[in-house]
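J.: Following this message is one structure expressed as structure tokens.
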Amino acid sequence: MAYPYASDREVRVISEYFGDPEARTLDGAKRRGRYKGLEKALSMSPDDVVEVVKASGLRGRGGAGFPTGLKWSFMPKNYDRPHYLCCNADESEPGTFKDRELMRWDPHQLIEACLLASYAIRARHAYIYCRGEFFETNQVLAKAVEEAYADGIIGADVMGSGHEIDVTVHVGAGAYICGEETGLMNSLEGRRGEPRTKPPFPAAAGVFGMPTTVNNVETLCAAPHIVAHGAEWYRQWGSEKSPGTKLFCVSGHVNKPGNYELALGFPLIELIEDVCGGMRDGNALKAVIPGGSSVAIMDADEARRCALDYEGVAACGSMLGCASVIVMDETTDIVKQVRRMAAFYAHESCGQCTPCREGTSWVTKILRRIEEGRGTEEDLDTLIELTTQMVGTTICVLSDSVAPPVQSSISKFRDEYLALIRRGERVGAA
Amino acid sequence: MSGSVPYRNPGWAGNTGEFQLSEAQVRGDDFVGTRPLAGGHASGSASYPYMLEEKRPDAPLFEGPYQDRLDKILTRYPDKRAALLPVLNLAQEVRGHVSPETMDRVAELLELPRAYVRGVTTFYTMYNKRPVGRFLIQVCTNISCNLCGADDVMEAFLRYANTEPGETSAEGDFTVVEAECLAGCGFPTCVQINSRYYENVQPLDVPKICERLRARGR
Ligand SMILES: Cc1cc2nc3c(=O)[nH]c(=O)nc-3n(C[C@H](O)[C@H](O)[C@H](O)COP(=O)(O)O)c2cc1C
Ligand code: SF4
Ligand code: FES
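As given, the protein sequences belong to chains A and B, one line each in that order. In terms of the numbering used here, the first sequence has 281 at position 279, counting the first letter as 1, and numbering is strictly consecutive. In terms of the numbering used here, the second sequence has 117 at position 93, counting the first letter as 1, and numbering is strictly consecutive.
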């Protein structure tokens with residue numbers, strides 16, 4: 003049941019109970035099969051659990067698409083020091099709204115997943131770093147955690163297995179950069195959420211200086227299903243390199259925006275035309291951002307031939323990211339929207355690195371100038387050069403995220419920039 | 025920009041025809057109910073911060089039930105520093121904003137340098153560094169909402185409250201600010217008022233929402 007709309011093209015693995023308030027309660031969740039995957043995992047060795055996840059080909063849903071089983075296998079295979087699991091529930095990438103739905107409709111799925119992952123990486127404590135703005139979601143999640151503690155699912159003796167695992171909901175305080183894994187760890191330690199330089203990598207020295215794994219909510223939620231049904235079962239969907247299902251957050255100018263869980267590789271145009279009920283007012287498609295605000299914009303032609311998996315989107319010059327599909331129709335003012343995204347990065351830059359701190363605000367200022375009709379053609383070259391210099395020169399990739407939307411929009415919608423610039427010239431001359 | 029994207033549900037996003045849910049069910053209120061101040065397991069100790077309508081800048085910090093919550097928070101982390109954010113959340117819940125005095129008090133409590141606590145507090149946008157109105161209205165104007173007319177919604181709130189962005193209306197009821205993406209992008213425009221999300225908000229809904237707030241507090 004995708005919420006708030008449903009489609010029969012969906013494959014509902016992790017979103018099955020969206021829109022079903024009973025799934026929130028422990029009883030309801032158990033009746034719906036929650037904690038079966040965990041039970042099975044506890045009967046296996048931690049390393050076998052990691053192997054199953056590895057074999058399933060599950061990739062990180064937080065944006066980078068890193069293979070999850072491989073990430074888990076980097077953790078030390080002993081209990082010498084405390085290990086930690088951090089569930090990244092800081093969801094703040096513009097266009098992304100899946101983790102909030104996963105937590106507020108099916109909190110026990112996430113709790114089960116955190117326990118399972120903790121077991122696999124030998125962690126005794128899982129922190130769910132939840133975005134501070136999610137007050138309502140936090141209440142739901144915290145209540146579910148309490149219920150699970152009371153039932154002996156979390157705590158000193160997880161489901162009678164003799165293993166001790168705690169789960170804590172940790173609430174952030176409003177900073178996009180705390181979604182970056184090392185920023186998240188600093189924030190969890192009670193510091194400014196400034197990303198750290200790597201190495202050391204989290205699996206060696208993460209939160210509180212201990213081995214740590216950071217995973218997105220959606221990534222974790224898939225794991226219990228994989229363990230319960232097997233890697234082959236998960237591979238029935240998607241492709242060799244991008245197996246499984248994924249939540250697509252569709253927003254913008256479609257008739258039925260929402261979260262839809264689809265097999266990876268689903269054609270983008272069918273997602274818009276069929277699943278989402280087409281473009282609003284029957285308007286023509288102009289552009290699509292396939293993976294949240296930090297990936298390249300596609301024009302309508304590219305969107306028509308794009309298949310939604312990691313490789314398919316890359317073949318169209320963009321990135322799947324966290325599959326936040328932002329759809330724009332012919333009435334869209336591209337320059338304004340790109341400026342709005344740039345302003346977001348300028349606001350959210352943590353300020354540690356000069357190219358990022360200065361670059362994001364200059365890009366925004368130049369775009370604003372163009373938007374207001376005071377730009378020049380050289381400004382476009384400046385934007386390209388500036389954003390190019392922001393790639394690969396900073397501690398984290400927030401800085402790199404500005405280049406794709408700015409550069410792709412200039413190359414694909416140059417006419418719009420030029421129209422604003424030329425109109426400006428005429429106004430100036432008159 | 026106006027279109028016929030189905031904005032049928034001012035205030036919440038549940039009744040699309042395919043889902044006939046009550047507002048409480050969509051929000052999860054029917055599951056959680058009203059959280060008791062002192063209730064709950066320490067695991068949620070991130071406390072259950074809430075942005076209360078009543079803001080009492082001079083209220084004592086960490087007394088009675090708040091002391092309980094503080095004690096629980098401290099059990100959840102390997103060191104005191106890690107409790108800083110949850111404790112600041114709690115302080116803001118009690119007082120409505122985090123003043124320099126509040127920061128100093130928290131520093132003392134967690135045995136951290138004062139300057140350190142100030143540095144951390146000012147890093148995060150959710151800590152109000154100065155007092156806000158009874159209702160803190162945060163309008164998302166980021167891309168997905170912007171495509172569906174968020175600037176007009178922002179404008180409507182400002183007009184109704186008769187105030188400037190970031191400022192509080194004369195009678196102290198409304199502080200209106202522009203916010204970054206609230207992760208409700210499929211239900212544009214997404215607006216957060218105190219602790220609560222209002223989704224699918226259109227300019228026309230604004231007076232209704234504000235009147236309801238004044239009358240019922242939510
Ligand atoms: C600036 C920035 C913001 C990020 N925000 C998030 C986020 O909100 N949620 C998330 O899950 N990952 C986010 N990430 C990705 C994380 O750093 C990390 O890759 C992810 O949590 C790993 O989990 P996964 O392997 O399950 O995808 C962000 C990365 C960057 C650079
Ligand atoms: S790239 Fe930007 S956000 Fe990332 S660490 Fe540097 S300044 Fe901070
Ligand atoms: S863009 Fe408005 S909530 Fe995400």
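Glycine included, C-beta positions come from ideal geometry on N, C-alpha and C. Fair warning: this is a prediction, and the values are worked out from it, not measured in the lab.
(1) With distances taken between CB atoms, is the gap from L193/B to M75/B smaller than 7 angstroms?
(2) Check whether the Cβ atoms of M150/B and G176/A lie closer than 7 angstroms to each other.
(3) Is the shortest distance between the beta-carbon of S403/A and the beta-carbons of chain B less than 7 angstroms?
(4) Beta strand (DSSP E) containing C251/A: first to last residue?
(5) Any heavy atom of ligand 1 closer than 6 angstroms to the beta-carbon of L400/A?
(6) Give the secondary structure of D331/A by DSSP, where H, G and I count as helix, E and B as strand, and everything else as coil.
(7) By the DSSP assignment, the alpha helix (DSSP H) with Y140/B in it spans what residues?
(8) Consider the Cβ of A70/B: report whether some Cβ of chain A lies at a distance smaller than 7 angstroms.
(9) Beta carbon of V216/A: closer than 6 angstroms to some heavy atom of ligand 1?
(10) Check whether the Cβ of Q49/B sits closer than 6 angstroms to any heavy atom of ligand 2, and report yes or no.
(11) Can you tell me whether E77/B is helix, strand or coil according to DSSP?
(12) Within the present structure, is the beta-carbon of P197/A separated from the nearest heavy atom of ligand 2 by less than 6 angstroms?
(13) Buried or exposed for A348/A, please, with buried defined as at least 16 other CB atoms from any protein chain shown within 10 angstroms of its CB.
(14) Measuring straight from C-alpha to C-alpha, what distance separates K338/A and S253/A?
(15) Note down, in chain order, each residue of its chain lying with its Cβ closer than 6 angstroms to the Cβ of S2/A, except the 5 sequence neighbours on either side.
(16) Need the endpoints of the alpha helix (DSSP H) that K232/B sits in, please.
(17) Return yes when at least one heavy atom of ligand 3 lies under 6 angstroms from the C-beta of L206/B, else no.
(18) Can you give me the C-alpha to C-alpha distance between A107/B and I113/A, rounded to a whole angstrom?
(19) Need the endpoints of the beta strand (DSSP E) that V54/A sits in, please.
(20) May I ask you to check if the CB of P69/A is nearer than 6 angstroms to at least one heavy atom of ligand 3?
(21) Please list, in chain order, the residues of the region 311 to 323 of chain A that have any C-beta partner in chain C closer than 7 angstroms.
(22) In the region 144 to 157 of chain B, which residues sit with their C-beta less than 7 angstroms from some C-beta in chain A, listed in chain order?
(23) If I measure Cβ to Cβ from Y419/A and keep anything under 7 angstroms in the same chain, skipping five residues before and after, which residues do I get?
(24) Mind checking whether the beta-carbon of T396/A lies closer than 6 angstroms to any heavy atom of ligand 2?
(25) To which residues of the same chain is G361/A closer than 8 angstroms at the C-beta, ignoring the five residues directly before and after it?
(26) Taking the alpha helix (DSSP H) that E41/A belongs to, which residues open and close that run?
T.: Judging by the given coordinates:
(1) In the sequence as presented, Leu is not what sits at residue 193/B; that position holds Ser. 7 angstroms or more divides the Cβ of S193/B from the Cβ of M75/B.
(2) Cβ atoms of M150/B and G176/A: closer than 7 angstroms.
(3) Judged by the 7 angstroms Cβ criterion, S403/A is not in contact with chain B.
(4) From DSSP, the beta strand (DSSP E) with C251/A extends over T247 to G254.
(5) Yes, Cβ of L400/A sits closer than 6 angstroms to a heavy atom of ligand 1.
(6) Under the three-state reduction of DSSP, D331/A is assigned to strand.
(7) It spans R138 to F147 - the alpha helix (DSSP H) in which Y140/B sits, taken as one unbroken run.
(8) For A70/B, the pLDDT reaches just 46, beneath the cut-off of 50, and the residue's location in the model is therefore unreliable, leaving the point undetermined.
(9) Proximity of the beta carbon of V216/A to ligand 1 is indicated: a heavy atom of the ligand is located closer than 6 angstroms.
(10) Q49/B: no, Cβ never under 6 angstroms from ligand 2.
(11) E77/B: coil per DSSP, three-state reduction.
(12) Yes.
(13) Buried.
(14) Taking the straight line from one Cα to the other gives about 17 angstroms.
(15) This structure does not reach residue 2/A, given that chain A is present from 3 up to 432, and the question cannot be answered.
(16) V230 to R240 is the span of the alpha helix (DSSP H), which, as asked, contains K232/B.
(17) Yes, Cβ of L206/B sits closer than 6 angstroms to a heavy atom of ligand 3.
(18) Note on geometry: alpha-carbon atoms of A107/B and I113/A lie some 22 angstroms from one another.
(19) In the DSSP assignment, V54/A falls outside any beta strand (DSSP E) and lies within the alpha helix (DSSP H) extending over P48 to S58.
(20) The answer is no for P69/A.
(21) Absent from the structure is chain C; the protein chains it does hold are A and B.
(22) Listed in sequence order: V144, F147, Y148, T149, M150 and Y151.
(23) In chain order, V337, I372, L382 and I412 place their CB closer than 7 angstroms to the CB of Y419/A, counting only its own chain and leaving out the 5 sequence neighbours on each side.
(24) Within the cutoff, so yes.
(25) Hits under 8 angstroms: L388, T389, Q391, M392, S401 and V404.
(26) Segment K38 to L44, the alpha helix (DSSP H) holding E41/A.
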